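Trainee:
Residue numbers (this note's numbering): 1237 to 1464.
1) Please name the residue in 1368, 1401, 1428 and 1345 whose C-alpha comes closest to that of residue 1317.
2) Taking the C-alpha atoms as reference points, what is the distance between residue 1428 and residue 1353?
3) With DSSP as the reference, identify every bridge partner of residue 1313, one or two as the case may be.
4) DSSP three-state label for residue 1294, please.
5) Here's a check: name, in chain order, each residue in its chain whose Cβ is nearer than 7 angstroms to the Cβ of residue 1279, leaving out the five neighbours to either side.
6) One question on the structure: do residue 1315 and residue 1297 come within less than 7 angstroms of each other, judged by their Cβ atoms?
7) Could you pull the start and end residues of the beta strand (DSSP E) that residue 1448 belongs to?
8) Identify the residues that DSSP records as bridge partners of residue 1334: which are they?
9) Are residue 1290 and residue 1347 closer than 7 angstroms when you measure CB to CB?
10) Using the rule of at least 16 other Cβ atoms within 10 Å of the residue's Cβ for burial, across every protein chain shown, is residue 1266 buried or exposed?
11) Using beta-carbon positions only, say whether residue 1448 and residue 1439 come within less than 7 angstroms of one another.
12) Less than 7 angstroms between C-beta atoms, sequence neighbours within five positions excluded: which residues of the same chain meet that for residue 1450?
13) Would residue 1254 and residue 1351 qualify as a contact pair, given that the criterion is a beta-carbon distance under 7 angstroms?
14) Ignore the nearest five residues each way along the sequence and tell me which others in residue 1411's own chain have a CB closer than 6 angstroms to its CB.
15) Using DSSP with H/G/I as helix, E/B as strand and the rest coil, what is residue 1407?
So this is what it looks like as structure tokens:
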């Protein structure tokens, strides 16, 4: 059993904000929470996982792919603070839809399903933050549907860049090959789309760092072009 004080000191996450520390400590003492370490390339969750629970990424990066045996499509990347597994352990037919692998060395807080249920029952703060998280996930999925179904490469790319956050400067979390796969574009089409966004004056690009000069203008411009 891991040291409760160490776990309580390590965990700082919006999903657990305001949760009674005695309740959280009791769950940890009863071996319902673990901090796990994975090396690059290790599988964290997969369809073969048996109700793994809720994972909160503490350190490192991970990547989610479809679990298709023939064509593996990248779904998203995870950075510290990301949560996964929240929708899968209620699904009895297929415990986990995607396959999540460690991209770098990863430290993960794993909260078992029984502990999540107790938190939902006994902690109003956790319950509210759980609902807020699910709402944010719906918003994220709507955004992803938007840039996957957009008409042009420029519209897909602009929609994706806007989804990375509200800041003027964003950092691409993927290599160009991974981003092309995620957006369902050829690499040449993706490079041309970046060139177009630069030439149109909407972005500047320095390596993986992208400066968005006119967020609203870019969204409106490529939306109109895609629907002409």
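Heads up, the beta-carbon is just placed ideally off N, CA and C, and yes, glycines get one too. Just so it is clear, the structure is predicted and the values come from calculations on it, not from any experiment.
Mentor: The structure says:
1) 1345
2) 48 angstroms
3) 1299
4) strand
5) 1335 and 1337
6) yes
7) 1445 to 1448
8) 1302
9) yes
10) exposed
11) yes
12) 1438
13) no
14) none
15) strand
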